[in-house]
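One structure is given below, encoded as structure tokens.
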Amino acid sequence: MKFLVFLLLAGLAFAGEADVNVLARPHDLWEVIYKIWLVIAVVIYIVVAVPSLYFMIKYRFKPNEREVGDQEHEGHWGLEALWTIVPLIIVLYLATHGFALFTQMRKPPENAMELKVTAFAWGWMFQYPNGKMVIAQAIKDTEDKKCKPDECYSVDGVFQNYAYIPAGVPIKAVLTSQDVIHSFYVQPAGVTQDMVPGRTTYTWFQINKPGEYWVFCREYCGQWHSRMFAKLKVVPKEEFEKWLKGEVASLEDKAFKIVKNNRAQEVVR
Amino acid sequence: MREALPAHKPWFAASIWEWIFTTDHKKIGIMYGVTSTLFFIVGGLMALGMRLELFNPGAQYVKPETYNWFLTVHGTVILLWWAIGIWASFANFLIPLMIGARDVAFPRLNALGYWMFFAASVIALLTFIPGNQIMTMWTGYPPLASTEGIGFAGQTALFVFIWHLTGFASIAGAVNFITTVIMMRQPGIGFFNLNLFIHGIMAANVIQLLGVPSVAGAVTMLFLDTYLKTSFFDPSRGGDPVLYQNLFWFYSHPAVYVMVLPGFGIISEVVSAFARKPIFGYRSMAIAIWAIALVGFMVWTHHMFVSGIPDWVKILMSYTTLLIAVPTGIKIFNWVATLYRAAILYKTPMLYALGAIFMFLIGGLTGIPLGIPAFDVAVHDSYFVVGHFHYVLGMAVTLAAFAGFFYWWPKVTGKMYSEGLGKVSFWLVMLGSNVLYFAQLIVGIWGMPRRYYDYPPIESWIELHHLQTYGAFVLAFGILLALVSLIKGAISGEKAPDNPWMSNSLEWRLPSPPPPHNFDEPPKVEEDYCPHGYCKF
Ligand code: HEM
Ligand SMILES: [Cu+2]
Ligand SMILES: [Cu+2]
């Protein structure tokens, strides 16, 4: 019992420290639970698979030698209690640790910049604190059934649907939708949040390294759901401020080079 | 001599009219089975179509409307007709035989249920007519499904009637099976020596009775919103789209246990028969089934972790969701323990059943993080989810159903299936689906969203999509071989003995195939009868 309480408390305590050096937050918190899960899952798989493979080989049917199994072996309360209680402890621990992490994931840092995002079919409208607006809209191509991959997503190899975001600044995205339910998934930060008409929801994230990152809609929203994505162009804070104040129209040539052929794997992982 | 003759007539000897107007549980069971399997094939072919389109990024062969229609029909048809419907087939054919009854409690209601199911399948076929495609996805979320124009979700009415008619069939079946098992058992068969398959079916049908009204209400309101412009779910007029999700998942989460619990039952039957040993921990197996069904009603919001519900609800349901892992774990450990000191005979049904256990293990282990909101926010509605439920449904449930096909084929048809083909089919299915579904898990962790007709040309994703498509075709070929093995067996297989697997369960005490009226006289159930006590027969 004491052990159980200790485990649960441990779950609450090691909720994960904020780490400014990671690529994106709160992905660091996600990695904590991801790794724990991965280890537990692999261990459980081995604990089940190895004995069963052994039994499956050892206790094969052999004519005249082993034709029936042990008829008396039909249950064992001790063992059954064991594999009720151990999994119970594991899942209680996982749920509690997850609880602690989730509380942090949902709490935007104090200094977060508020970004209003409104979804529509099929794109997002980003509204910055000073009222500046950017529309990142999917390039859909209803007529042309066959387009080469690059052409489907961009015009002249340049992305047309993007929004600027300052690097290293936590961003609280306040989300809603104009028509149907969409969602907002910031890939490097690992956060998803539905955008529901008639409601406002929120999520927060912070990307520390300048570059280009994907945003996808992950809630099925009709015909062109699969083209509802945008790019977040993360730029150094000073550059972002200039752009926000309107001192420069575009940051395209400065902060990073234009992605020519759209191969974004270096962005992904 | 003349009296003896009818006893040799197999159950299936009847004219086409007798089949159509039949109330015989065995014939109805087979009609369910044929309908289910046909739709499994339809759903599978559509999945192959989707896999071809997704092979490379970019628009390739079909328009997004077509893909979305494929996906909607694949999801709906394979859940309602295959993963749920196939158990109506097994339950109908086997329950009366397993409890020593001559038929089910309400044979005519049973027939009505089947024809409702059939009517729903006709509606599903109507979506093949151009202009009638439904693109709502099997979940039919408003406001997309209830709004014309934006996104175009197709003919919502067809979607609603599919749910209503299969819902009606489910209720009819549930009332019938539950009454049959409670009222018509032979004396000597009680709660703790019922077949585990029957426990699975009973728990599943209790879920159907309690849950279907909720989803029926949800789709009715969706229908009213769409066509009579009411505003249950329309936020611009005071409705709430999240209400639909609550009503929908209140049934549709427990519905996954409707799909999986009878499968657990079949795995237990097959494993104990081929391990030639009683199932380990029978009582905890039975209790686990009922515990899963009960707790299953308290976890539905884990489908809504990102839909804007309050955070405390997510945490609460995170605990209840993870609790389900405990009874599920008990079942898996007990199956493994059953193999200890066994005499395992590796025939096709056993291979399929063991495969189902291993795949369910992966399905379960990948389900746990989805119940943790902190994990789920990164993979919600991604291919990780797609991979997870294909491990559970596409593999565990489907393999369990095929284990059941092979296991009871001798009883149903009176002929043995073809063993060699059956074994080859198993290995192909395992190979193909593990490649397919494991690739889905990985590309999901890397961020690939679900329900995408198309994806950006991200190199690492492309490779995994290639793998998935290769896997899908190997899998499809394996399933084809399995069907060939069964059908070839039914046509030209060896004659089956009455009890080829030497099981103690009552259905094996009948001739193969059973006569039309099942038992000549009620079977005697011995004092210490146990359907999984193999030796005692
Ligand atoms: C040939 C075998 C199969 C293949 C290749 C396959 C492939 C797929 C694909 C590509 C998707 C769409 C993923 C997306 O775009 O989000 C999908 C969705 C789905 N599949 Fe399968 N699948 C197969 C078998 C099964 C089986 C046997 C089941 C269940 C018993 C199943 C249940 C589902 C469900 C419920 C969905 C989700 C539908 C939705 O999102 O509305 N699939 N499958
Ligand atoms: Cu969207
Ligand atoms: Cu979308």
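One line per chain: the protein sequences are A and B, in this order.
According to our numbering, the residues represented by the first sequence are 1088 to 1356, in order.
According to our numbering, the residues represented by the second sequence are 3 to 539, in order.
Backbone N, C-alpha and C fix where the C-beta goes; we use that ideal spot for every residue, glycine too.
**Report entry** Start-to-end residues for the beta strand (DSSP E) that takes in Leu40(B)
**Finding:** In the second sequence, the residue the question calls residue 40(B) occupies position 38. Run containing Leu40(B): none in the beta strand (DSSP E); it sits in the alpha helix (DSSP H), His27 to Leu56.
Report task. Could you work out which residues of chain A lie near Pro312(B), taking near to mean beta carbons separated by less than 8 Å? Result -> The sequence position of residue 312(B) within the second sequence is 310, counting from 1. Residues of chain A passing the Cβ test: none, with the nearest at roughly 11 Å.
Query raised in the report: Is the CB of Pro361(B) under 7 Å away from at least one CB in chain A?
Result: For this step, residue 361(B) is matched to residue 359 along the second sequence. The residue you asked about is not Pro; residue 361(B) is Met in the sequence shown. Not one chain A Cβ lies under 7 Å of Met361(B).
Query - Residue-chain proximity (His382(B), chain A), Cβ-Cβ < 7 Å - result: Position 380 of the second sequence, counted from the first residue, corresponds to residue 382(B). Answer yes: the Cβ-Cβ gap between His382(B) and chain A drops below 7 Å somewhere.
**Report entry** ligand 1 heavy atom lying under 6 Å from the CB of Gly46(B)
**Finding:** Along the second sequence, read from residue 1 onward, the residue named residue 46(B) stands at position 44. True, at least one ligand heavy atom lies under 6 Å from that Cβ.
Report task. Run the proximity test for His543(B): is its beta-carbon closer than 6 Å to any non-hydrogen atom belonging to ligand 3? Result -> Residue 543(B) cannot be examined here, being either before or after the span of chain B that is shown, 3 to 539.
Query raised in the report: Within the chosen definition, does the stretch 355-367 of chain B reach the stretch 396-407 of chain B through at least 3 CB pairs nearer than 8 Å?
Result: yes
Query - Under 7 Å by beta carbon: chain B residues contacting Thr1171(A) - result: As a first step, residue 1171(A) is located in the first sequence; it is residue number 84 there, counting from the start. Neighbours of Thr1171(A) on chain B, chain order: Val328 and Ile332.
Report task. Reducing DSSP to helix, strand and coil, say where Met1143(A) ends up. Result -> Numbered from its first residue, the first sequence carries residue 1143(A) at position 56. Three-state result, Met1143(A): helix.
Query raised in the report: Thinking C-beta only, is Ala344(B) closer than 7 Å to Ala277(B)?
Result: If you number the second sequence from 1, residue 277(B) lands on position 275. If you number the second sequence from 1, residue 344(B) lands on position 342. Yes, Cβ-Cβ distance for Ala277(B) and Ala344(B) is below 7 Å.
Query raised in the report: Taking the alpha-carbon positions, what's the Thr37(B) to Ala103(B) distance?
Result: Position 35 of the second sequence, counting from 1, holds the residue named residue 37(B). Position 101 of the second sequence, counting from 1, holds the residue named residue 103(B). Distance between the alpha carbons of Thr37(B) and Ala103(B): 25 Å.
Query raised in the report: Who are Ile1252(A)'s beta bridge partners in DSSP?
Result: Taking the first residue of the first sequence as 1, we reach residue 1252(A) at position 165. Paired residue(s): Val1321(A).
Query raised in the report: Which runs of the alpha helix (DSSP H) fall wholly inside the stretch 399-457 of chain B and span at least 4 residues, in chain order?
Result: 400-415 and 421-447
Report task. Assign Trp19(B) to one of two classes, buried (16 or more other C-beta atoms within 10 Å of its C-beta) or exposed (fewer than that). Result -> As a working note, residue 19(B) is residue 17 in the second sequence. Exposed, since its Cβ has fewer than 16 Cβ neighbours within 10 Å.
**Report entry** Bridge partners - Pro256(B), DSSP secondary structure assignment
**Finding:** Sequence index remark: in the second sequence, residue 256(B) carries index 254 (1-based). None; Pro256(B) has no bridge partner.
Requested in this report: Can you check DSSP and say which residues form a bridge with Ile1222(A)?
Outcome: Numbered from 1 along the first sequence, position 135 holds the residue referred to as residue 1222(A). Paired residue(s): Met1212(A).
Requested in this report: Please classify Glu1230(A): does DSSP put it in a helix, a strand, or coil?
Outcome: Numbered from its first residue, the first sequence carries residue 1230(A) at position 143. Any reading at Glu1230(A) is ruled out, since the residue's pLDDT is 46, under 50, leaving its predicted position unreliable.
Query raised in the report: So who's on the other strand from Tyr1272(A), going by DSSP bridges?
Result: As a position in the first sequence, residue 1272(A) is number 185, starting the count at 1. DSSP output for Tyr1272(A) lists Thr1279(A) and Phe1303(A) as bridge partner(s).
Requested in this report: Specify the secondary structure class of Arg278(B) as computed by DSSP and reduced to three states.
Outcome: Here the question's residue 278(B) lines up with position 276 in the second sequence. Residue state, collapsed to three classes: coil.
Query raised in the report: Can you tell me the Cα-Cα spacing of Thr340(B) and Lys11(B), whole angstroms?
Result: Locating residue 340(B) in the second sequence gives position 338, counting from the first residue. Locating residue 11(B) in the second sequence gives position 9, counting from the first residue. Those two C-alpha atoms are separated by around 38 Å.
Report task. Answer yes if the stretch 1156-1175 of chain A comes into contact with the stretch 324-343 of chain B, meaning at least three C-beta pairs across the two stretches below 8 Å, and no otherwise. Result -> yes
**Report entry** Closer than 9 Å at the beta carbon, the chain E residues around Thr158(B)
**Finding:** No chain E appears in the structure shown, which is made up of the protein chains A and B.
**Report entry** Beta-carbon proximity check, Phe41(B) vs Val75(B), cutoff 7 Å
**Finding:** Here the question's residue 41(B) lines up with position 39 in the second sequence. Here the question's residue 75(B) lines up with position 73 in the second sequence. Going by C-beta atoms, Phe41(B) is not nearer than 7 Å to Val75(B).
Query raised in the report: Counting along the chain, where does the alpha helix (DSSP H) carrying Phe14(B) start and finish?
Result: Position 12 of the second sequence, counted from the first residue, corresponds to residue 14(B). Counting along the chain, Phe14(B) falls outside any alpha helix (DSSP H), and DSSP gives it neither H nor E.
Report task. For Arg453(B), count neighbouring C-beta atoms within 10 Å of its own C-beta (all shown protein chains included) and say buried if the count is 16 or more, exposed if not. Result -> As a position in the second sequence, residue 453(B) is number 451, starting the count at 1. The residue in question, Arg453(B), is buried, as its Cβ has 16 or more Cβ neighbours within 10 Å.
Query raised in the report: Grouping DSSP H, G and I as helix and E and B as strand, with all else coil, what is Glu523(B)?
Result: As a working note, residue 523(B) is residue 521 in the second sequence. Residue state, collapsed to three classes: coil.
Query raised in the report: Which whole runs of the beta strand (DSSP E) in the stretch 487-531 of chain B are 3 residues long or more, in chain order?
Result: none
Query raised in the report: If we ignore side chains and look at the alpha-carbon of each, how far apart do Glu1328(A) and Gly373(B) end up?
Result: Your numbering for residue 1328(A) matches position 241 in the first sequence. Your numbering for residue 373(B) matches position 371 in the second sequence. Spanning the two alpha carbons is a distance of roughly 40 Å.
Report task. Decide yes or no for the touch test of the stretch 1149-1168 of chain A against the stretch 283-290 of chain B: beta carbon pairs closer than 8 Å, at least 3 of them. Result -> yes
Report task. Specify the secondary structure class of Gln1310(A) as computed by DSSP and reduced to three states. Result -> Counting from one through the first sequence, the residue named residue 1310(A) turns up at place 223. If DSSP states are grouped into helix, strand and coil, Gln1310(A) belongs with coil.
Query raised in the report: Do His1269(A) and ligand 3 come close, with the Cβ less than 6 Å from some heavy atom?
Result: Position 182 of the first sequence, counting from 1, holds the residue named residue 1269(A). Flag set: Cβ of His1269(A) near ligand 3.
Query raised in the report: What residues from chain B crowd round Ile1268(A), counting only those whose CB sits closer than 8 Å?
Result: For this step, residue 1268(A) is matched to residue 181 along the first sequence. Near Ile1268(A) (Cβ distances below 8 Å), the residues of chain B are Tyr143, Pro145, Leu146, Pro243 and Ser309.
Report task. Measure from the C-beta of Arg110(B) to each C-beta in chain A and report whether the shortest distance is under 7 Å. Result -> Within the second sequence, the letter at position 108 stands for residue 110(B). For Arg110(B), the answer is no, since every Cβ of chain A falls outside 7 Å of its Cβ.
Query raised in the report: Looking at the C-beta of Glu1230(A), does it have a partner C-beta in chain B at a distance below 7 Å?
Result: In the first sequence, the residue the question calls residue 1230(A) occupies position 143. Low confidence applies here, because Glu1230(A) scores a pLDDT of 46, under 50, leaving its location unreliable and the question unanswered by this model.
Requested in this report: Mind listing the chain B neighbours of Leu1317(A)? Cutoff is C-beta to C-beta under 7 Å, in chain order.
Outcome: Translated into the one-based positions of the first sequence, residue 1317(A) becomes position 230. In the sequence under discussion, the amino acid at residue 1317(A) is Ala, which differs from the Leu named in the question. Chain B residues near Ala1317(A): none, gap ~11 Å exceeds 7 Å.
Requested in this report: Tell me, to the nearest whole angstrom, how far the beta carbon of Gly389(B) is from that of Gly434(B); I am working on the premise that it is less than 8 Å.
Outcome: As a first step, residue 389(B) must be located in the second sequence, where it is residue number 387. As a first step, residue 434(B) must be located in the second sequence, where it is residue number 432. Their Cβ separation, rounded to whole angstroms, is 14 Å, which puts Gly389(B) and Gly434(B) out of contact at 8 Å.
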